[in-house]
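For reference, the structure discussed in these notes is given below.
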Amino acid sequence: MMNIFLAELADPNVSIPLVLPEMLLALTGILVMIYDSIRPGRRRVTGTISMVGLILSAVALFWIWSTPGQQLSAFGGMIVADSLRMSFTAVFLLVSALTILVSTVWVEREDVHAGEYHTLLLFATVGMMFMASGNDLVIIFLGLETLSIATYVMAGLRRRDLRSNESALKYFILGSYASGFLLYGMALVYGATGTTNVTQIALNTETAQFPALLLVGAAMLVIGFGFKVATVPFHIWTPDVYEGAPSPVTGFMAAGPKAAGFASFLRVFVLGFPLVVGVQASEFLHDSWITALTVMAILTMTVGNIAAIVQNNVKRMLAYSSIAHAGYAMVGFVGAGVAKTATGRDDAIAAVAFYMLTYAVTNLGAFAIVTLVARKNDRRTEFEDYNGIGFRSPVLAFSLSLFMLSLLGLPLTAGFIGKVLVFRPALEAGTSLMVILVVIAVINTAISAYYYLRLIVVMFFRERTEEWSQPKISTALAAVLAITIIGVFYFGIFGNNVIEMFSKYPVDVQMR
Amino acid sequence: MFENNYLSLIIFAPLAGAVINWFFGKRANSEMFSGAVACTAVGISTVVAFMIAFGIGTPHQGALFIPEGKPVLDHIWTWIQVGDFRADFGLGMDRLSGIYALFVTFVGLLIHIFATGYMHGDKGFYRFFAYLNLFMFSMLTLVLADNFLLMFVGWEGVGLCSYLLIGYYINKDEARRAAKKAFVMNRIGDWGVLMGVFLIFTITGSVSFFDKAVDGQAVQSVFSWVQNSANVSQADPFTWGAIFAGGLTSVGVLLFIGATGKSAQIPLLTWLPDAMAGPTPVSALIHAATMVTAGVYLVVRCNSIYQLAPTAMFIIAVIGAATAIFAATIGLAQNDIKKVLAYSTVSQLGYMFLACGVGAFVAAIFHVMTHAFFKALLFLGSGSVIHGMHHEQDMRRMGNLKKYMPITFFTMVTGWLAIAGIPFFAGFFSKDEILYKTFAAQGLGNWNYFLWGIGIVTAVLTAVYMTRMMVMTFWGSERFHQELPEEDQADHDDDDHHEIPADFKPHESPWTMTVPLVALAVLSTFGGLVGIPYALSSLPVVSSIVGEEANHFEETLKPVVKKLGADESHGAESEVKHFLAEGSSEEAAAHHSPEEIAAERWLALFSVLLAAGGIAIGWFMFAGNPLRKMPKVLERKWYLDEIYNKAIVDPITEGSRRFLWKGFDLGFIDGTINGLGSFVTEIGSLFRRIQVGFVRSYAAIILFGALVVLGYFIYYAYRTIG
């Protein structure tokens, strides 16, 4: 075993094409930074460069995706090119592009220093991409830190607003705290298995040096990743940070970093800690993480939904709703963990990726409208501020209603297909624990109708007391709305095409 | 397998028409434009439907002639595919859906043309046609869908359009109430359909109607699963327990609950007469010819399920017969011309379900088609009358209209004779076949004679009330200024009925309205000739004109209604023999024993006499005294609405108000939310006062969670050590 590693160190099989998307985007980030230091304040130019970088990166990604016979891993197994990576990376790129478009309104309104903002966003995206492509705990951690540090700063971008500052600081302190858990967990797993490579970890569980260490390490990883994807009880930072951060950044954080967290979380647990029948350590490990995550999924969606019901602030409501959605996604995650066949597992992973895609599209659409309605300094984000705008601004109101219905999971919208796909693998496993999980998830969906529909009711059936001046919909925002609305319908009706794409390159880990 | 991508044109042309009218109709502000768009859209559907059904200019045989009833398919896209579950957005036209598509598009086209005349001068002209086209889209989706899920989309779509169109006169309270009632009653039925479809998928693992191969994947249909000999043995016994056993009988009963909602059968029938508050073309199209027969379509489509579910069949037969006679008695006493026709529709739908229930699925579809012709004709005729009478619908204020509206009169006479069952008009053959098949049904004990008796009585009643309607409307003295009794006057307060000037003369309708009437009159007269039963076509007189092998209709539908299983405890053995018969007339003769033929002929003669008798009774009772007072209980519809209100609606309203609203909503939910809200606010303000402790307390919560997770894992870790 060790000899193989030494051989790999001697010949690290470097493959530039395999990291081309990440490299292109990182270079774009650096370019934007340099440009901004030479000619500061050109927000259109930096925005355009960023968009071009994202598009180039996407092109590179699709090139890898559609080239048959592509090598599956490089850099000594640290970077992989499987569907898990590809599909999540596609989500990240879409989220970033939409975020840049959404933020144009806010950037101009509040005169944000756009160069910095775009740079940070690009670096955060690079971090997310490494979290998905890394097949090694070290790469995953590097990606996570790149992402985190960028988002800490982004949360505090409204420098003169106390809420924004508070949000950034809280996020930073609690985030570092969680990173500690994560790093310690990685260290323990390394100690137990003698490797940081996820594929190798899976193989080494049978020969683990000290299985107890492995279990404690896994627990630490659950806590660290749980913080990133905001599962109860590690969600506690979310509402404050989401409320305090500028609206576009909130939308970004709820869609992007959360998806990135899921990408690594999935890879490490589903692929790194699989069930190997007959090996006691592996059985215990698998059993405990499945149960722990099931309980966390139940808690996450229930707490998220119930807390969302009592909110009077739309941004806070969406923050809690994002917690609930993490819970739904975890149903698919657990489903991937208990899948009996490799295809079943890969389908479940693709389902989670698809779920994050539908959630990202819907959520960013919703945040685009929230940003627009909120005005300067995010003042108008209460439910009351939406009273009776239904027929005064029909475009905004109907789009927002569509997004709410998709978040709720109404058929013919993206949210419906997403939910069906993530609930199915768990249901197919057929154990009573999984059935209970799915039943609770469905009940939670019903509960969530209360607050999603409430916003629609408020918009269409309440009288408006104060005057309403229709916000101007800029071209960029119109583009966002068009993309997200089409997305909601496309994924809801033709979702199958995307799913097929998402499960094109099965992950290179066999079931045992 | 036959693919034809033009099939989707049939459904998408009306959709395009609806969209165009919706977005540009108001701006164009021209009746010419809206009417032309709507009629062209349906016209395209009609032409394409005929081309594909008869194989005119298509690379394959017509859908009605493809051997073994195989469908023409059009896979538009894969809607959803999850594991074993697959639902396509795909259409399929086999013989059954072909017949439906033909009469839906054709009758629909005629009614669209009629409506351009009838709705002339209406403010919402474009909106009306947008809805009407949307309805056509939904109805054709329902009929042409190649799986249960897409059919349900159409099923819901027609429900929605029906709601929109019943409530079209939005300012009339009556219309709004009727729309709401129709919607709610249909929801009850929809529940049944959904549950039925879920159960079908659970049992068979498929929701497809047809065996097909999509994306290189073979899809087995629900029905071939059921027909598979290994599964036929799963036929449910004829017991009441089978209803709740979760087998095919449960499926059958659940789907039939849906059918009772859509097709206005007992107990969900009261919405259809109220639905007459909509414009008359809507009543003709949706509430007589097409949508209300969707329930029959569903039952016949699933005939292989029903053949294995004798209990469900029995329920259908009884409900159908009961509805038929019940509605016919009410029809006797109505004074609103459209209400008479509405109850008549309910009654005729009862006949169709009676036919399904005794296993005569072909006869049911035959009656659906002829009924579509003559009932659409009668409704459009009544529309023409109402139009000519300046929106007067009460027959007590009509009379002697044959003098003023000759075309309407003559066309309606054909409709009247057709529905009464006078020989060689369309209704005669179909109704007669249903009655004979009921009489000859086996496996029902002696129930078949009882059901047949009800059918016969209903036939007489039908002739009586239709004669009453004709007499009151077209014969007798002119009563245009007749004072109505006080109580009834109140009903019409909010009508858009204008006071009739003293020198009022009714007028004949424009050509846009009379041409469809004439076309439908021709169909009502000759449309039944495609399905002359063998017993009659073998009569020397008849066979010399049409030839012995005249039952093309039954020939066509044979493959759709395949008989299952070898020995079947229930249902229509004679029916089976018909189906087993192959093509040629000798074989047909061989399978029609002389006794059976004789019996059928005698019964046909009997029902002719009854029809004539019914007309005679109607004539003598009402010709002299058209305003004869009818029994109050019939006029008040057996107090059914009152009973429903007292027994169901009021308790629910009351319960909702007391418990759900005041108790649960205000008390529990609001209480919890307000309580939680104030709790959270208090906690929040507490936190805000000690700002430093904020992050720390978060960290503490995270730490607490971490300890729980760690503890749990360490418990396992401890076990690994031993």
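So the protein lines, in turn, are chains R and W.
Under the working numbering, residues 16 to 527 are what the first sequence spells out, in order.
Under the working numbering, residues 195 to 916 are what the second sequence spells out, in order.
Glycine included, every Cβ here is placed at the ideal spot set by N, Cα and C.
Leaving out five residues on either side along the sequence, give the residues of the same chain with a beta carbon under 8 Å from the beta carbon of residue i.
i	result
Ile250(W)	Phe244, Gly256
Leu184(R)	Gly171
Leu629(W)	Trp646, Gly649, Ile650, Ala653, Leu797, Ser801
Given this structure, state the Cα-to-Cα distance separating residue i from residue j, to the nearest angstrom.
i	j	result
Leu730(W)	Pro253(W)	37 Å
Met287(W)	Leu571(W)	27 Å
Gly577(W)	Val709(W)	13 Å
Ala235(W)	Pro254(R)	53 Å
Ala295(W)	Met485(W)	12 Å
Met815(W)	Gly670(W)	13 Å
Met530(R)	Ala245(R)	What is shown of chain R runs 16 to 527, which leaves residue 530(R) out entirely.
Val457(R)	Ser447(R)	15 Å
Thr608(W)	Ala715(W)	6 Å
Lys406(W)	Ser179(R)	59 Å
Ala210(W)	Lys264(W)	29 Å
Val285(R)	Leu308(R)	12 Å
Gly347(R)	Gly359(R)	11 Å
Thr63(R)	Gly452(W)	56 Å
Taking 8 Å as the CB-CB limit, is residue i close to chain W?
i	result
Ser52(R)	no
Asn459(R)	no
Tyr257(R)	no
Ser303(R)	yes
Pro226(R)	yes
Leu230(R)	yes
Ala357(R)	no
Tyr167(R)	no
For residue i, name the three-state secondary structure that DSSP assigns.
i	result
Gly430(R)	helix
Asn28(R)	coil
Asp255(R)	helix
Leu638(W)	coil
Ile274(W)	strand
Asp468(W)	helix
Asn320(R)	helix
Ser72(R)	helix
Arg280(W)	strand
Asn212(R)	strand
Got a sec: is the Cβ-Cβ distance from residue i to anything in chain R below 8 Å?
i	result
Val886(W)	Reliability fails at Val886(W), whose pLDDT of 41 lies under 50, so the model's placement of it is uncertain and the value that follows must be treated cautiously. No, no contact with chain R.
Leu611(W)	no
Ile726(W)	no
Ile397(W)	no
Gly348(W)	no
Tyr320(W)	no
Arg371(W)	no
Tyr598(W)	no
Trp273(W)	yes
Gly899(W)	yes
Say yes only if the C-beta of residue i is nearer than 7 Å to one or more non-hydrogen atoms of the ligand GDP, and no if none qualify.
i	result
Ile321(R)	No copy of the ligand GDP appears in this structure; indeed no ligand is present at all.
Residues in the same chain with beta-carbon distance under 7 Å from residue i, minus the five sequence neighbours each way, listed in chain order, please.
i	result
Gly319(R)	Tyr335, Ser336, Ile338, Ala339, Gly342
Leu230(R)	Phe299, Leu300, Ser303
Identify, in the order they occur along the chain, each residue of the same chain with its Cβ nearer than 6 Å to the Cβ of residue i, setting aside the five sequence neighbours on each side.
i	result
Val447(W)	Ile437, Ala506
Ile896(W)	none
Val242(W)	Tyr200, Leu203, Ile204
Met101(R)	Trp80
By DSSP's criteria, residue i is part of a beta bridge. Which residues make up the other side?
i	result
Glu397(R)	Asn328(R)
Ala339(W)	Leu285(W)
His269(W)	Gly284(W)
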